[in-house]
Amino acid sequence: MTDGLSRHPQGELAQLLVVRSLRVKRAAREILTGIDLEVARGEVCMLMGASGSGKTTILRTVAALQAFDGGSIQVGNFRLGPGSLPRESKLGPLRRSVGMVFQAHALFEHLTAVENVMLAPVHALGWTRERAEHVARELLRSLEVEHRADALPRQLSGGEAQRVAIARALAPGPALLLMDEPTSALDQTRRAGLGAVIRELARAGRALLIATHDTEFARRYADRTVALENGITV
Amino acid sequence: MHRKTSGEAGLTQSLLRVIILTLTVLVAVSVYACVPSSPESTALRWGGDAEGGAPFVEADAADPSIVRGFDVEIAEMIAAGLDRKPQFVQVGWASIEQSVERGDFEMGMSGIEDRPELRARLAVTIPYFEFYETLAVRTADSARFRTLASLKGRKVGTLGATMAYDILLDESKRAGLIPVSYDDDVHPYTDLVEGRVDAVLLDNIIAERSLRRRVGSFYIQPTPVATGQYVAVLAQRDSSLRDSANVILRTAMVDGSLERVFKSWNVWDSRQIAYFANQIAAAQLPQSTQRAQPRDRSVSAYLPALFRAAGVTLVLSFLAMTLAVLLGIGVAAGRVYGHPVLRPLLTIYVEVVRGTPLLLQLFVIYYGLSGIVRLPAFLAAVLGLGLNYAAYEAEIYRSALNAISPLQLEAGRTLGLSEFKILRLIRGPQALRIALAPMTNDFVALLKDSSLVSVITVIELTKQTSIYATNIGSWVIPGMLCATVYLAMSLPLSQLARVIERRWSVA
């Protein structure tokens with residue numbers, strides 16, 4: 009299994025995520041008009057821009073939830089091209105190396121927090137329930153929500169739900185973590201807590217691509233910011 | 321207090337006016353329809369069932385308001401004797417006695433059998449025709465099944481709530497045959513020919529008529545099983561009208577006009593001559609009404625049959641619902657995930673089933689398909705109800721599947737789960753929670769709709785109740801007992817639906 013790392017021919021550390029000339033059209037309108045973007049392992053890259061500038065669209069194309077019309081997306085050794093999305097069975101390597109935290113968390117409403125985190129390890133990776141539960145509880149502990157492990161999503165606060173969603177995305181061990189507007193529902197204290205988590209993940213070697221319009225948050229926690237306006241990087 | 325705007329108030333007022341007007345018209349129409357015609361009115365309203373057909377009452381194919389038959393001619397004879405104009409009212413055969421009591425018409429006729437319990441609650445005329453309960457068997461069995469006693473363990477069909485059915489019930493205890501009750505007198509004979517029943521016990525007139533329709537397809541045993549008489553029925557308050565009708569009937573027996581009517585319909589035979597002679601001779605004697613020992617009509621005698629029938633209803637409903645749920649899941653999954661060719665086919669199935677009456681579907685499955693596959697009645701009932709409810713279940717599941725946010729499915733995809741696993745682990749379980757309450761409601765509805773399967777000879781709770789009600793001549797106690805049993809079965813389910821709704825609606 010690829011770990012998402014590869015050496016560039018020149019010998020320098022290659023970027024984990026490489027986006028080239030990404031174009032997305034919706035109806036007649038171009039939402040993204042040639043985006044270039046790289047994120048390296050251990051790096052926190054934040055996509056900045058007003059709502060509607062295309063931040064979420066970039067995350068969705070990288071997560072192979074949405075097709076694109078031009079350019080390419082490379083995650084480790086896996087390359088996505090323009091046109092309709094490949095069959096889900098062909099997306100295995102990408103799914104294992106990219107995790108996503110949705111703005112609305114999208115926790116599975118019928119499962120408890122720990123069951124949400126265990127779902128992918130057990131059913132996508134084939135781990136035993138014991139191993140999956142151990143890892144899930146460890147993740148929840150590191151994110152300081154272990155005490156809410158057996159609560160249902162509707163019983164969690166916004167901040168707790170977000171941490172569970174992060175744990176769920178991290179459970180299969182992705183090299184790249186995508187986050188969509190993670191600060192939108194958080195107060196100042198929670199925001200600082202999230203910032204600390206993000207820095208810790210990067211320190212542990214993960215690449216993070218985060219869409220946000222929170223300039224203060226980006227200034228404090230991003231290694232690099234990419235500003236988007238009308239579908240292009242500025 | 322919240323004040324309405326003038327526009328709102330105007331709308332409410334005109335709505336109110338429309339509702340009041342509609343209600344007034346409805347009440348007026350129903351009062352007019354229900355008022356019993358007074359004896360002074362020139363028309364003699366008499367009720368019969370044209371579905372019974374010739375020679376009793378048969379509707380003209382071109383104009384169903386024109387009826388023919390010996391019952392029609394006798395009604396006309398009575399009306400003429402009273403110097404009134406006959407006016408026919410169509411009513412289902414099984415409802416004639418109740419309708420005449422209610423006052424929908426003054427006199428009911430359509431091959432109505434004289435029975436002791438009939439005389440207990442209605443004004444009954446003298447019998448005007450004697451018939452025989454005859455046994456019809458397949459030609460090949462004519463030597464084997466000569467009597468009811470020879471039909472041990474065999475199915476014998478007849479019309480429900482008749483003297484023949486009572487005879488079969490008695491014989492089921494004595495000879496161990498299996499009575500099969502029908503709602504009409506045509507299907508017992510088609511089922512006899514097709515082998516679903518081994519014999520049919522019915523009036524000789526009906527048996528001979530059926531034999532003429534399908535010559536040589538079965539055999540009528542020459543020895544009658546029992547004798548019965550046809551009478552006209554009136555409400556007890558109309559007993560003086562009944563007495564006048566009796567005078568007219570006796571006169572017609574004496575002067576030969578009744579004989580001419582029966583001859584013209586080919587039902588006159590030597591036995592009628594003796595019967596008429598007896599009737600005229602007995603005219604002066606007090607009438608002996610007790611020709612048969614009255615059956616035990618008490619509630620306790622009825623309870624075992626009631627509980628058996630409730631068991632049939634319950635088992636039938638459970639099996640049909642299981643089929644409906646399994647098939648419904650398949651159809652819903654097919655409509656959401658299926659191949660573009662499959663989807664419209666499933667849509668057609670759902671729309672056809674939901675757009676046609678369940679009663680029709682049951683007839684088609686049991687009788688319509690009998691040329692291709694001869695389903696046992698109970699299986700046909702389970703299939704009919706199951707296939708029907710599957711369409712409704714499929715719609716519930718489909719909308720429940722579509723109610724799950726696409727974000728939940730995308731979250732599943734980013735975690736590397738296959739589409740099938742997303743359905744099984746994420747979409748399905750959440751959809752089930754949405755579907756459970758409407759599903760439980762549907763089960764309650766199915767429990768009640770299962771009463772329709774009596775049209776294909778399955779005796780369930782409602783049919784058993786209607787047989788009992790006909791026997792004792794009242795719906796009060798049977799109706800209350802039946803309602804109690806239905807409620808005992810459906811209330812816990814409704815309660816369950818409410819609990820489920822409460823538990824899972826807090827999303």
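Sequences listed follow chains A and B, in order. Numbering-wise, the working numbering comes out as the position in the first sequence, counting from 1, plus 8. Numbering-wise, the working numbering comes out as the position in the second sequence, counting from 1, plus 320. In this text, a Cβ means the ideal position worked out from N, Cα and C, and glycines have one as well.
Checking 8 Å against the spacing of the C-beta atoms, do Gly412 of chain B and Val420 of chain B come in under that value?
Within the second sequence, the letter at position 92 stands for residue 412 of chain B. Within the second sequence, the letter at position 100 stands for residue 420 of chain B. No, the pair does not count as a contact, with Cβ atoms beyond the cut-off.
Let me see if you follow: with CB-CB separation under 8 Å, is Met108 of chain A close to chain B or not?
Within the first sequence, the letter at position 100 stands for residue 108 of chain A. Answer yes: the Cβ-Cβ gap between Met108 of chain A and chain B drops below 8 Å somewhere.
How close, in whole Å, do the beta carbons of Val47 of chain A and Leu25 of chain A come, if the pair is a contact with beta carbons under 8 Å?
Counted from its first residue, the first sequence places residue 47 of chain A at position 39. Counted from its first residue, the first sequence places residue 25 of chain A at position 17. About 4 Å separates the two Cβ atoms, so the contact holds.
Give me the chain B residues within the contact set of Gly203 of chain A, using Cβ-Cβ distance strictly less than 7 Å, ordered along the chain.
Mapped onto the first sequence, residue 203 of chain A falls at position 195. Residues of chain B passing the Cβ test: none, with the nearest at roughly 23 Å.
Would you please verify whether the beta carbon of Gly736 of chain B is less than 8 Å from any beta carbon of chain A?
Looking up residue 736 of chain B in the second sequence gives position 416. Yes, Gly736 of chain B lies at the interface with chain A (some Cβ there is under 8 Å from its Cβ).
Please state whether DSSP places Gln815 of chain B in a helix, a strand or coil.
Indexing the second sequence from 1 puts residue 815 of chain B at position 495. Gln815 of chain B falls in the helix class under three-state DSSP.
Quick one: residues in its chain with C-beta nearer than 8 Å to the C-beta of Leu512 of chain B, no 5 flanking neighbours on either side, listed in chain order?
Counting from 1 along the second sequence, the entry for residue 512 of chain B is found at position 192. Excluding positions up to five away in sequence, the list reads Ala456, Val457, Arg458, Gly477, Asp518, Ala519, Val520 and Phe538.
Quick check on the DSSP output: the alpha helix (DSSP H) that includes Arg404 of chain B runs from which residue to which?
For the purposes of this step, residue 404 of chain B is taken as residue 84 along the second sequence, with counting starting at 1. Neither: Arg404 of chain B is in no alpha helix (DSSP H) and is coded neither H nor E.
Could you tell me which of B:Val672, B:Met483, B:Arg474 and B:Pro508 sits nearest to Ile498 of chain B, measuring between CA atoms?
For this step, residue 498 of chain B is matched to residue 178 along the second sequence. The shortest Cα separation from Ile498 of chain B among B:Val672, B:Met483, B:Arg474 and B:Pro508 belongs to B:Arg474.
Go to Ala701 of chain B, then tell me how far its alpha helix (DSSP H) extends in each direction, as first and last residue.
Taking the second sequence and counting its residues from 1, the one referred to as residue 701 of chain B is at position 381. Run containing Ala701 of chain B: Ala697 to Ala723, per the alpha helix (DSSP H) assignment.
Give a yes or no on whether 8 Å exceeds the smallest Cβ distance from Ala112 of chain A to chain B.
In the first sequence, the residue the question calls residue 112 of chain A occupies position 104. With 8 Å as the cut-off, Ala112 of chain A counts as an interface residue toward chain B.
DSSP three-state call for Ile43 of chain A: helix, strand or coil?
In the first sequence, the residue the question calls residue 43 of chain A occupies position 35. If DSSP states are grouped into helix, strand and coil, Ile43 of chain A belongs with the strands.
Consider the Cβ of Arg171 of chain A: report whether some Cβ of chain B lies at a distance smaller than 8 Å.
As a working note, residue 171 of chain A is residue 163 in the first sequence. With 8 Å as the cut-off, Arg171 of chain A does not count as an interface residue toward chain B.
Output the boundary residues of the beta strand (DSSP E) element that contains Gln418 of chain B.
Numbered from its first residue, the second sequence carries residue 418 of chain B at position 98. Premise fails: Gln418 of chain B lies in the alpha helix (DSSP H), Ile416 to Arg422, not in any beta strand (DSSP E).
When you compare the CB of Arg104 of chain A with every CB in chain B, is at least one pair closer than 8 Å?
Residue numbering aside, residue 104 of chain A sits at position 96 when the first sequence is read from its first letter. It does; some Cβ of chain B falls within 8 Å.
Examine chain B for any beta-carbon lying closer than 8 Å to the beta-carbon of Glu117 of chain A, and answer yes or no.
Residue 117 of chain A sits at position 109 when you count from the first residue of the first sequence. Yes, contact with chain B.
Please give the ranges of any alpha helix (DSSP H) in the region 752-827 of chain B, keeping only runs that are unbroken, at least 4 residues long and fully inside the region.
For the region 752-827 of chain B, the continuous alpha helix (DSSP H) assignments of 4+ residues that do not extend past its boundaries occur at 781-792 and 796-825, in sequence order.
Output, in chain order, the set of chain B residues within a Cβ distance shorter than 7 Å of Leu147 of chain A.
Mapped onto the first sequence, residue 147 of chain A falls at position 139. Here the premise fails: no neighbours, minimum Cβ distance about 14 Å.
Determine, using beta carbons only, whether Leu689 of chain B comes closer than 8 Å to chain A.
For the purposes of this step, residue 689 of chain B is taken as residue 369 along the second sequence, with counting starting at 1. No, its Cβ sits nowhere closer than 8 Å to a Cβ of chain A.
Determine the chain B residues that contact His131 of chain A at a beta-carbon separation under 8 Å, and present them in chain order.
If you number the first sequence from 1, residue 131 of chain A lands on position 123. By Cβ distance, chain B contributes Leu737, Lys741 and Leu745.
Between the alpha carbons of Leu781 of chain B and Arg176 of chain A, how many angstroms are there, rounded?
Position 461 of the second sequence, counted from the start, is the residue given in the question as residue 781 of chain B. Position 168 of the first sequence, counted from the start, is the residue given in the question as residue 176 of chain A. One C-alpha to the other measures close to 54 Å.
Work out the CA separation of Gly423 of chain B and Ile340 of chain B for me, nearest whole Å.
Residue mapping note: residue 340 of chain B aligns to position 20 of the second sequence, counting from 1. Residue mapping note: residue 423 of chain B aligns to position 103 of the second sequence, counting from 1. Near 28 Å, if we compare the C-alpha coordinates of Gly423 of chain B and Ile340 of chain B.
Indicate whether at least one CB of chain B lies closer than 8 Å to the CB of Val152 of chain A.
In the first sequence, counting from the first residue as 1, residue 152 of chain A sits at position 144. Here residue 152 of chain A is Glu; the residue named in the question, Val, does not match the sequence. Judged by the 8 Å Cβ criterion, Glu152 of chain A is not in contact with chain B.
With a threshold of 8 Å between beta-carbons, can Gln750 of chain B be considered close to chain A, or not?
Counting from 1 along the second sequence, the entry for residue 750 of chain B is found at position 430. True, the Cβ-Cβ gap to chain A drops below 8 Å.
Going along the chain, which residues of its own chain have a beta-carbon closer than 6 Å to the beta-carbon of Pro758 of chain B, five neighbours each way excluded?
Translated into the one-based positions of the second sequence, residue 758 of chain B becomes position 438. Around Pro758 of chain B: Ile716.
Drop a sphere of 10 angstroms on the beta-carbon of Tyr709 of chain B, count the other beta-carbons inside from all chains shown, and report buried for 16 or more, exposed for fewer.
On the second sequence, position 389 is the one that residue 709 of chain B refers to. Classification for Tyr709 of chain B: buried.
Could you tell me the alpha carbon to alpha carbon distance between Arg753 of chain B and Val535 of chain B, rounded to whole angstroms?
Along the second sequence, read from residue 1 onward, the residue named residue 753 of chain B stands at position 433. Along the second sequence, read from residue 1 onward, the residue named residue 535 of chain B stands at position 215. Approximately 59 Å, taken between the alpha carbons.
Report the residue from B:Ala370, B:Glu393, B:Phe376 and B:Ala395 whose alpha carbon sits nearest the alpha carbon of Asp383 of chain B.
By one-based count along the second sequence, residue 383 of chain B stands at place 63. The shortest Cα separation from Asp383 of chain B among B:Ala370, B:Glu393, B:Phe376 and B:Ala395 belongs to B:Ala370.
Listing by chain order, which chain B residues have their CB less than 8 Å from the CB of Pro6 of chain A?
Beyond the ends of chain A as shown, which are 9 and 242, falls residue 6 of chain A; an answer cannot be given.
What separation, rounded to the nearest whole angstrom, lies between the Cα atoms of Ile649 of chain B and Ile746 of chain B?
Mapped onto the second sequence, residue 649 of chain B falls at position 329. Mapped onto the second sequence, residue 746 of chain B falls at position 426. Taking the straight line joining both Cα atoms gives about 16 Å.
Could you spell out where the beta strand (DSSP E) holding Phe451 of chain B opens and where it closes?
The residue given as residue 451 of chain B occupies position 131 in the second sequence. Where Phe451 of chain B is concerned, the enclosing beta strand (DSSP E) stretches over Phe449 to Arg458.
Using 8 Å as the limit for Cβ to Cβ distance, is Glu821 of chain B near chain A?
As a first step, residue 821 of chain B is located in the second sequence; it is residue number 501 there, counting from the start. No, Glu821 of chain B lies away from the interface with chain A (no Cβ there is under 8 Å from its Cβ).
Using a C-beta cutoff of 8 Å, does Ala353 of chain B count as contacting chain A?
Translated into the one-based positions of the second sequence, residue 353 of chain B becomes position 33. Residue placement at Ala353 of chain B cannot be trusted, given a pLDDT of 47 that sits under 50; what the coordinates show is reported in the next sentence. Closer than 8 Å: no.
If I'm right that Gln541 of chain B touches Thr454 of chain B with Cβ under 8 Å, what's the distance once you round it to whole angstroms?
Residue mapping note: residue 541 of chain B aligns to position 221 of the second sequence, counting from 1. Residue mapping note: residue 454 of chain B aligns to position 134 of the second sequence, counting from 1. So it is a contact: roughly 6 Å between Cβ atoms.
Any beta carbon of chain B sitting closer than 8 Å to that of Glu96 of chain A?
Here residue 96 of chain A is taken as the residue at index 88 of the first sequence, counted from 1. Chain B contact via Cβ: present.
Which whole-angstrom value is the C-beta distance of Leu813 of chain B and Thr760 of chain B, which I expect to be below 8 Å?
Here residue 813 of chain B refers to the residue found at position 493 of the second sequence. Here residue 760 of chain B refers to the residue found at position 440 of the second sequence. Their Cβ separation, rounded to whole angstroms, is 6 Å, which keeps Leu813 of chain B and Thr760 of chain B in contact under 8 Å.
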